[in-house]
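Whatever position you read off the sequence shown (first residue = 1), add 5 for the working numbering. Every residue, glycine too, gets a C-beta built ideally from N, C-alpha and C. Nothing here was measured: the structure is a model prediction, and the numbers come from that model. Here is the structure we will look at.
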Amino acid sequence: METTRTGATNETVERVKAGAHEAVERAADMTLRAADTLSERSGQVRDAQERLQEQIREYVRENPVTSLGIALGSGFILSRLMGHR
Numbered sequence: 006m007e008t009t010r011t012g013a014t015n016e017t018v019e020r021v022k023a024g025a026h027e028a029v030e031r032a033a034d035m036t037l038r039a040a041d042t043l044s045e046r047s048g049q050v051r052d053a054q055e056r057l058q059e060q061i062r063e064y065v066r067e068n069p070v071t072s073l074g075i076a077l078g079s080g081f082i083l084s085r086l087m088g089h090r
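In structure tokens:
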């Protein structure tokens, strides 16, 4: 009777170990896929940022007075919003 319990216990332990191993493999795979996706997205964001910076540079070169006015106005508004703290 004790041998049957020990065998059943060993079988249960092996099933739990196999299930845990499978869960760890799935988690590792999901983590790897998430890291790949994050890396791809960060590259896309970096490219978009570079394009936007270039567009802003071109606008400032073509419209220096307007750009200066926008900068001054933005600074004034921000200083008012921030107040004197």
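Cα-Cα separation, residue i to residue j
{"i": "residue 41", "j": "residue 71", "result": "42 Å"}
{"i": "residue 80", "j": "residue 52", "result": "28 Å"}
{"i": "residue 35", "j": "residue 64", "result": "43 Å"}
{"i": "residue 17", "j": "residue 11", "result": "10 Å"}
{"i": "residue 47", "j": "residue 32", "result": "22 Å"}
Contacting residues, own chain, Cβ-Cβ under 7 Å from residue i (five flanking each side not counted)
{"i": "residue 66", "result": "none"}
{"i": "residue 5", "result": "Only positions 6 to 90 of the chain appear in this structure, which leaves residue 5 out of reach."}
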